Amino acid sequence: MFELIGIPPQALFGQLLLGLINGAFYAVLSLGLAVIFGLLNIINFTHGAQYMLGAFVAWMLLNYLGLGYWWALLLAPVIVGITGVILERTLIRRLYHLDHLYGLLLTFGLALIFTGVFKQLYGVSGLPYRAPELLSGGYNLGFMYLPNSRAFVILASVVVCFGTWFMIEKTKLGAYLRAATENPTLVSAFGINVPLLITLTYGFGVGLAAFAGVLAAPIYSVNPIMGENLIIVVFAVVVIGGMGSILGSILTGFGLGLVEGLTRVFYPEGSAVVVFVIMALVLLVKPAGLFGREI
Amino acid sequence: MKIAKALFASAAFAALATPALAVDVTIGVLNDRSGLYADLAGEGSVVATRMAIEDFDAESKDINVEVLSADHQNKPDVGSNIARQWIDTESVDVIVDVPTSSVALAVNEVVREKDKIFLASGPATSDLTGKACSPNTIHWTYDTYSLANGTGKAMVQEGGDSWFFVTADYAFGHALERDTQAVVEEAGGKVLGNVRHPLSSSDFSSFLLQAQASGAKVIGLANAGGDTINSIKQAAEFGIVQAGQSLAGLLIFSTDVAALGLETAQGLVLTNAFFADRNEDTKAFAERFKERHGKNPTMVQAGVYSSVLHYLKGVEATGSDEASKVMEWMKANPSNDPIFGEASVRKDGRHMHDMYLLKVKSPDAAQGEEDYFELLATIPAEEAFRPIEDGECEMAKQ
Chain A
1 MFELIGIPPQ
11 ALFGQLLLGL
21 INGAFYAVLS
31 LGLAVIFGLL
41 NIINFTHGAQ
51 YMLGAFVAWM
61 LLNYLGLGYW
71 WALLLAPVIV
81 GITGVILERT
91 LIRRLYHLDH
101 LYGLLLTFGL
111 ALIFTGVFKQ
121 LYGVSGLPYR
131 APELLSGGYN
141 LGFMYLPNSR
151 AFVILASVVV
161 CFGTWFMIEK
171 TKLGAYLRAA
181 TENPTLVSAF
191 GINVPLLITL
201 TYGFGVGLAA
211 FAGVLAAPIY
221 SVNPIMGENL
231 IIVVFAVVVI
241 GGMGSILGSI
251 LTGFGLGLVE
261 GLTRVFYPEG
271 SAVVVFVIMA
281 LVLLVKPAGL
291 FGREI
Chain B
1 MKIAKALFAS
11 AAFAALATPA
21 LAVDVTIGVL
31 NDRSGLYADL
41 AGEGSVVATR
51 MAIEDFDAES
61 KDINVEVLSA
71 DHQNKPDVGS
81 NIARQWIDTE
91 SVDVIVDVPT
101 SSVALAVNEV
111 VREKDKIFLA
121 SGPATSDLTG
131 KACSPNTIHW
141 TYDTYSLANG
151 TGKAMVQEGG
161 DSWFFVTADY
171 AFGHALERDT
181 QAVVEEAGGK
191 VLGNVRHPLS
201 SSDFSSFLLQ
211 AQASGAKVIG
221 LANAGGDTIN
231 SIKQAAEFGI
241 VQAGQSLAGL
251 LIFSTDVAAL
261 GLETAQGLVL
271 TNAFFADRNE
281 DTKAFAERFK
291 ERHGKNPTMV
301 QAGVYSSVLH
311 YLKGVEATGS
321 DEASKVMEWM
331 KANPSNDPIF
341 GEASVRKDGR
351 HMHDMYLLKV
361 KSPDAAQGEE
371 DYFELLATIP
381 AEEAFRPIED
391 GECEMAKQ
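First to last, the protein sequences are chains A and B. Terminal number for the first sequence in full-length UniProt numbering: 295, no gaps in between. Terminal number for the second sequence in full-length UniProt numbering: 398, no gaps in between.
1) Please name the residue in G159(B), S214(B) and P198(B) whose C-alpha comes closest to that of G188(B).
2) In the DSSP output, which residue or residues are listed as bridge partners for Y145(A)?
3) What are the boundary residues of the beta strand (DSSP E) that includes R196(B)?
4) Between which two residues does the beta strand (DSSP E) carrying Y356(B) extend?
5) What residue from N296(B), A317(B) and N272(B) has the CA that sits closest to T378(B)'s CA?
6) What is the DSSP secondary structure of D115(B), reduced to helix, strand or coil?
7) Name the residue from L30(B), L36(B), N333(B) and G28(B) whose alpha carbon lies nearest to the alpha carbon of A259(B).
8) Would you call the region 336–344 of chain B in contact with the region 104–122 of chain B, where contact means no fewer than 3 C-beta pairs closer than 8 Å?
9) By a C-beta neighbour count over all protein chains shown, 10 Å radius and 16 as the cutoff for buried, is R94(A) buried or exposed?
10) Closer than 8 Å, Cβ to any Cβ of chain B: which residues of the region 226–258 of chain A, in chain order?
11) In the DSSP assignment, what are the bridge partners of E342(B)?
12) Against chain A, does D77(B) count as a neighbour if the rule is that its beta carbon must be under 8 Å from one of theirs?
13) Do you know offhand how far P216(B)'s Cα is from V315(B)'s?
14) Inspect the beta-carbon positions of G255(A) and T263(A) and report whether they are closer than 8 Å.
15) Hey, would you say Y129(A) sits closer than 8 Å to A58(A), going by beta carbons?
16) Does the beta carbon of P128(A) sit closer than 8 Å to a beta carbon anywhere in chain B?
17) V308(B) and residue 461(B) - do their beta-carbons sit closer together than 8 Å?
18) Given this structure, state the Cα-to-Cα distance separating I388(B) from P218(A), to the nearest angstrom.
19) Using a 10 Å radius around the Cβ and a threshold of 16 neighbouring Cβ atoms, would you call I43(A) buried or exposed?
20) Nearest-angstrom Cα distance between C161(A) and V237(A)?
21) Just list the residues that DSSP pairs A248(B) with in beta bridges.
22) How is H293(B) classed by DSSP in three states: helix, strand or coil?
23) Since V195(B) and V360(B) are thought to touch, with beta carbons under 8 Å apart, how far apart are those beta carbons, to the nearest angstrom?
24) Please classify Q157(B): is it buried, with 16 or more other beta-carbons within 10 angstroms of its beta-carbon, or exposed?
25) With H, G and I counted as helix, E and B as strand and the rest as coil, what does DSSP make of I192(A)?
26) Give the single residue among P268(A), Y51(A) and N229(A) whose Cα lies nearest to the Cα of L73(A).
27) So V195(B) contacts chain A; which residues on that side make the cut at Cβ distance below 7 Å?
28) With 8 Å as the C-beta to C-beta threshold (strictly closer), list the residues of the region 218–240 of chain B near chain A in chain order.
29) If you check the beta carbons only, do A175(A) and I192(A) fall under 8 Å apart?
30) Please state whether the Cβ-Cβ distance between V218(B) and S246(B) is less than 8 Å.
31) Please check if any C-beta of chain B sits within less than 8 Å of the C-beta of N22(A).
32) Verify the CB distance criterion: does S30(A) have a CB-CB separation below 8 Å to chain B?
33) According to DSSP, is A187(B) part of a helix, a strand, or is it coil?
34) Alpha carbon to alpha carbon, how far is F235(A) from M1(A)? Give it in angstroms, no decimals.
35) Round the Cβ separation of V300(B) and D97(B) to the nearest angstrom and send it over; I've been treating them as touching at under 8 Å.
36) In the region 83–151 of chain B, which residue ranges form an unbroken beta strand (DSSP E) of at least 3 residues, counting only runs that do not cross its ends?
Below, the structure written as structure tokens:
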């Protein structure tokens, strides 16, 4: 049978598709990070914990209130987003005039606190969360069996990524936002409430993390450490794409998912480090990242 | 004169009444308290240690026991540093639990060098009683050989004669894969391939897809904790079992079943050293443990209880905390507790007890909150563990 670099094309297509699905998670998460960094200049290390919170809120909605996946997809980002707004209002906004490092330390500390509290409350083994009826089956594509829940991840991620990009780059609201980060004094002179705009932006970025968490809940187990490993990879994605670049984070997210998927086929042991190898190479050649602006 | 006589008499009387002097014992519980194995060992093992001390009633026997605990973070360097520090500065006599084979192998060497005692309940690698065996270590609860032998043999006997392994890429996964492969091949099956994944992965779909493409009848999961949970969950998602392949979870703890939910976990066949519903003793122990810790004990935690109890009996009998004396007593005398009943410790440090082949119940069949397992077979100790002559343990050959 025809083989490509030692593996049958069927298996290769399967792995590419799986890579794309993981890439979808990277894209949504790194998009949230890019929005927050690009517009607020905060390196949001709490992002992984906020992703975990999204999954936990979905689980709580189901187990305490009986609200299923579709409701969670809508409500969890809002609920976690509100916690983000509270954080921004009470803690993060005090750091805008300081060095980036302070924001990083604060958000890293918050991430440890969130993770620690959930470990205490729920243990580390995780909680079961079942996919809704509509997503529980799957299709045989010929080269692989594609579970509906994973197909939905790609669909939902593409919609959310495109929507966010469109809102920031193409709408009036996005234009205000971009202007507010460039010159807040001038924008507020036009009567626009800049602090509110910034608070809502942080809340929105956090909501994106929570959205990814809800998408992950039926696929991975809902546990307090689910964000810990992922966040490091996602930061690498953001760095490779160019800190703060919206389009960069989306494209690099999907792209690196593919690369990682391929590594799992050819050299599985290396799948945990391939993203960092690429990051090192990119930083050597293009220090601002693939889509970043040279400063 | 009278006074002197009275003093002498009372001193003699006191000496007769308490033949041994008070012994100070420090037990260090070293395990994962924050990572992927924290639920199956973690604080629960400390609770089990304290229960053993209370049940033994150490205080009234003039044995002062202090318990320390620490998080080794699943890192061999962190684990061996803590062990060294405990022994050097805190006078720790015995280190218990230590899940994560790579950490256990490191601690094994520290304890040997310092001539203290290591009661290994958490780690799986059968090397602890094989080429890494030590006069200071007892491997208490289970090992990769017994897991392979239980689940592996049962699966081959049921017709699963071709295997593909999804293996955690570190000492434990490699040992489990190696031991299972040997069992499968001996039983007439063959191994078609393997894939090694990094510890603590979240996405297993790529690895499972490779396992599926191999066409093997059985996919052997040589991993543990969160990795096993995610593998099984995602195998269900990709319809691997419905398509005709079987999953063999080579190391599954009761906490893993809880995390999966019976809906996903039902039908899994696994080998365990302990399950709460085995008899009245185990049931009573599990209930007392649950009152204090909130959930049933895993086999690791139950093993910690059992090993600490036997150790304290050794201290009482020898009136000493000297490693060689206590170890000699522990190997010469049978252990007896509610967990394993009567059992013994072999020359190479293997604690010999029965193992159990279990099947996860369906949600309909389960009665009560933590009723997970149906007993398929009891594997007698001599059959469950590797024969001493096959273990490459130098010490056992003398």
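Glycine included, every Cβ here is placed at the ideal spot set by N, Cα and C. All figures in this text were calculated on a predicted structure; none of them were measured in a lab.
With the structure as the only source:
1) Checked all of G159(B), S214(B) and P198(B); the closest Cα to G188(B) is G159(B).
2) Per DSSP, N140(A).
3) K190 to H197 is the extent of the beta strand (DSSP E) around R196(B).
4) Segment M355 to V360, the beta strand (DSSP E) holding Y356(B).
5) For T378(B), the closest of N296(B), A317(B) and N272(B) by C-alpha to C-alpha distance is N272(B).
6) For D115(B), the secondary structure class from DSSP, reduced to helix, strand or coil, is coil.
7) Nearest C-alpha to A259(B): L36(B).
8) Too few Cβ pairs lie closer than 8 Å, so no.
9) Under this definition R94(A) is an exposed residue.
10) Within the region 226–258 of chain A, the residues whose Cβ lies closer than 8 Å to some Cβ of chain B are M226, N229 and L230, listed in chain order.
11) Per DSSP, N336(B).
12) It does not: the Cβ of D77(B) has no partner Cβ on chain A nearer than 8 Å.
13) The residue you asked about is not Pro; residue 216(B) is Ala in the sequence shown. CA-CA distance, A216(B) to V315(B), rounds to 51 Å.
14) No, the Cβ-Cβ distance between G255(A) and T263(A) is not below 8 Å.
15) Yes. Within cutoff.
16) Yes, P128(A) counts as interfacial toward chain B.
17) In the structure as shown, chain B begins at 1 and stops at 398. Residue 461(B) is therefore absent and cannot be evaluated.
18) Linking I388(B) to P218(A) through their CA atoms gives a straight-line distance of about 45 Å.
19) With 16 or more other Cβ atoms within 10 Å, it is buried.
20) In a straight line, the C-alpha of C161(A) is about 15 Å away from that of V237(A).
21) Beta-bridge pairing links A248(B) to G220(B).
22) It is helical.
23) In fact, because the Cβ distance is near 24 Å, the residues do not count as touching under 8 Å.
24) By the 10 Å Cβ count, Q157(B) comes out exposed.
25) Here DSSP, grouped into helix, strand and coil, assigns I192(A) to coil.
26) Residue Y51(A) is the option with its Cα nearest to L73(A).
27) Within chain A, the C-beta atoms nearer than 7 Å to that of V195(B) come from P268, in chain order.
28) Under the 8 Å Cβ criterion, the region 218–240 of chain B contributes G225, G226, I229, N230, K233, Q234, E237, F238 and G239.
29) No, the pair does not count as a contact, with Cβ atoms beyond the cut-off.
30) Cβ atoms of V218(B) and S246(B): closer than 8 Å.
31) The Cβ of N22(A) sits closer than 8 Å to at least one Cβ of chain B.
32) Not one chain B Cβ lies under 8 Å of S30(A).
33) Under the three-state reduction of DSSP output, A187(B) falls in the coil class, being neither helix nor strand.
34) For M1(A), the pLDDT reaches just 42, beneath the cut-off of 50, and the residue's location in the model is therefore unreliable, although a value from the coordinates is still provided. Between M1(A) and F235(A), the C-alpha separation is close to 40 Å.
35) V300(B) to D97(B), Cβ: 7 Å. Contact.
36) Taken in chain order, the complete beta strand (DSSP E) segments of 3 or more residues contained in the region 83–151 of chain B are 94–97, 117–120 and 137–139.
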